[in-house]
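Position 82, counted from 1, in the sequence shown is what this note's numbering calls 580; the numbers after and before it change by one each time, with no gaps.
Quick reminder that beta carbons are idealized off the backbone N, C-alpha and C, glycines included.
For reference, the structure discussed in these notes is given below.
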Amino acid sequence: MENSVLERINKVIYNNGCSITFLSKELGIVQTTLNRQIKGDVQLSAHTIEAFLHYFPNLSAEWLLRGKGEMLLGANRRPRLHSD
């Protein structure tokens with residue numbers, strides 16, 4: 499089963515040990531609104547998704563939105579080999 503954006507958002511919250519209260523203040527989103535979105539009571543807004551991407555600059559938008567690649571930018575990246 500493919501993970502949803504909401505499941506990935508919850509993974510980010512869990513991995514960073516953040517509370518909804520803390521995040522709502524940091525993201526500038528009303529706590530009850532963020533809480534309802536995180537619980538899945540209402541749909542995640544584009545504003546909330548964008549706020550997560552701005553607050554967590556190493557978070558991959560590709561991973562968050564589509565579930566493709568690694569959660570963090572630069573994770574498991576190998577240096578390119580140059581040939582002369």
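For this session: Could you check the C-alpha separation between V528 and Q535 for me, to the nearest Å?
Result: Taking the first residue of the sequence shown as 1, we reach residue 528 at position 30. Taking the first residue of the sequence shown as 1, we reach residue 535 at position 37. If you draw a straight line from the Cα of V528 to the Cα of Q535, it comes to about 11 angstroms.
For this session: Express the C-alpha separation of C516 and F554 in angstroms, rounding to a whole number.
Result: By one-based count along the sequence shown, residue 554 stands at place 56. By one-based count along the sequence shown, residue 516 stands at place 18. Their backbone Cα atoms lie some 12 angstroms apart in a straight line.
Exercise. Near M499, what residues of its chain come up, given a Cβ to Cβ distance below 7 angstroms and the 5 sequence neighbours on each side ignored?
Worked result: Position 1 of the sequence shown, counting from 1, holds the residue named residue 499. Because the pLDDT of M499 is 34, which lies under 50, any placement of that residue in the model is unreliable, and the question is left without a value.
Exercise. What are the residues that DSSP puts in a beta bridge with L557?
Worked result: Locating residue 557 in the sequence shown gives position 59, counting from the first residue. L570.
Problem set entry | Residues near I511 in its chain [Cβ-Cβ closer than 6 angstroms; skip 5 each side] | On the sequence shown, position 13 is the one that residue 511 refers to. Nothing meets the Cβ criterion.
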